[in-house]
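Undergrad: One structure coming up, written as structure tokens, with questions to follow.
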Amino acid sequence: MTIETNLMAELTWVEYQASIQRENPFVLLPVGALEQHGPHLPMGTDHLVPLAISKAIADRIRAIVAPPFNYGYKSQPRMGGGNHFCGTTSLEGHTLSLLLRDVLLEFVRHGVKRIAVIDGHYENMMFLTEGIDLALTEARRDGITDVRVVRLEYWDFTSEETLKKVFPGGFPGYALEHAAVMETSMSLHLHPHLVRLDKIPNDPPADFPAFDVFPYNLTQIPPSGVLSQAKGASAEKGKLLFDEYVEKISAALQSEMERP
Ligand code: ZN
Ligand code: MN
């Protein structure tokens, strides 16, 4: 009997091995965080969104979706509200890098040649880069030189045209888009039952200086944890964003699959 699934956790090892050997698929690793997302969005938003994107990509190109990393690097005030909120549960940077290195090296041992790290939490970026670099350095020492790893932040695939439709009043910038219009819209599209629409706060956008200060200056951080208005969110905007990410990331990975 054959079960149709692209999820690594649902495959048997025999099916997984056959797929790796016969189809040379991309392994997609969604990475996020467990982080406050205001009073209206689930704390898993940063991994739920890239997991959904990864699943949709795997319906379009030859790919297997690995179980996501549900924890990420420490939330920062100017992009995630800061690490002091109850519920936000973070890793140290080197832990995340080494976790990724270990998992990538396991995929390499399985014979995987193409891996994409699909990041949904900005703070992770350079620690993921470090993990990839450590893994590829170690693989090279073992004589393995034909593995390619893509790291991407999904929001970088947003077109100007889509931004204009999603933000008719002007785009506040990706940093302030924490638990705001983009993530709330995608959550309304992907899992509307998890969005507490009546709890969206009415706060004005956060006004941060151009520097970070430690310990945090709590007077600069909106107590709700939402960095700019989420009121303009809609499932329709969420679908527009989500479909664009799936289409463009699929095309990018396909070209990395084919590039010699
Ligand atoms: Zn987020
Ligand atoms: Mn985040």
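Residue numbers for the sequence shown follow my numbering, beginning at -6 and rising by one.
Don't be surprised by glycine CBs; every beta carbon is placed ideally from N, CA and C.
Please read these numbers as outputs of a predicted model, since none were measured by experiment.
(1) Is D39 near ligand 1, in the sense that its beta carbon is under 7 angstroms from a heavy atom of that ligand?
(2) Measuring only the C-alpha atoms, how far is P215 from M36?
(3) I need the straight-line Cα distance from A49 to H87, nearest angstrom please.
(4) Following a CB-centred definition, is E116 positioned closer than 7 angstroms to any heavy atom of ligand 1?
(5) With a threshold of 7 angstroms on Cβ separation, who are the neighbours of E116 within its own chain once the five nearest residues in sequence on each side are excluded?
(6) For a quick check, are the C-beta atoms of F19 and I54 less than 8 angstroms apart?
(7) Excluding the 5 residues flanking L169 on each side, which residues of the same chain have their C-beta closer than 7 angstroms to its C-beta?
(8) With three or more C-beta pairs closer than 8 angstroms as the rule, is the segment 78 to 94 touching the segment 38 to 45?
(9) Would you mind giving the Cβ-Cβ distance between L260 and V142, rounded to the nearest angstrom? I have them listed as a contact below 8 angstroms.
(10) Which residue comes first and which comes last in the beta strand (DSSP E) that contains P23?
(11) Tell me, to the nearest whole angstrom, how far the beta carbon of A26 is from that of H114; I am working on the premise that it is less than 8 angstroms.
(12) Flag E229 as yes when its Cβ comes closer than 7 angstroms to any non-hydrogen atom of ligand 1, and as no otherwise.
(13) For the candidate residues L121, V110, I108 and D139, whose alpha-carbon lies nearest to that of E85?
(14) Just the C-alpha distance for V110 and F207, rounded to the nearest angstrom, thanks.
(15) Mind checking whether the beta-carbon of E176 lies closer than 7 angstroms to any heavy atom of ligand 1?
(16) Buried or exposed: where does D112 fall if 16 or more other Cβ atoms within 10 Å of its Cβ makes it buried?
TA: Put simply:
(1) yes
(2) 17 angstroms
(3) 30 angstroms
(4) no
(5) G65, Y66, K67, S68, Q69, M72 and G73
(6) yes
(7) P198, A199, L220 and S221
(8) no
(9) Nothing can be reported for residue 260: it is not among the residues displayed for the chain, which extend from -6 to 253.
(10) F19 to V24
(11) 4 angstroms
(12) no
(13) L121
(14) 30 angstroms
(15) yes
(16) buried
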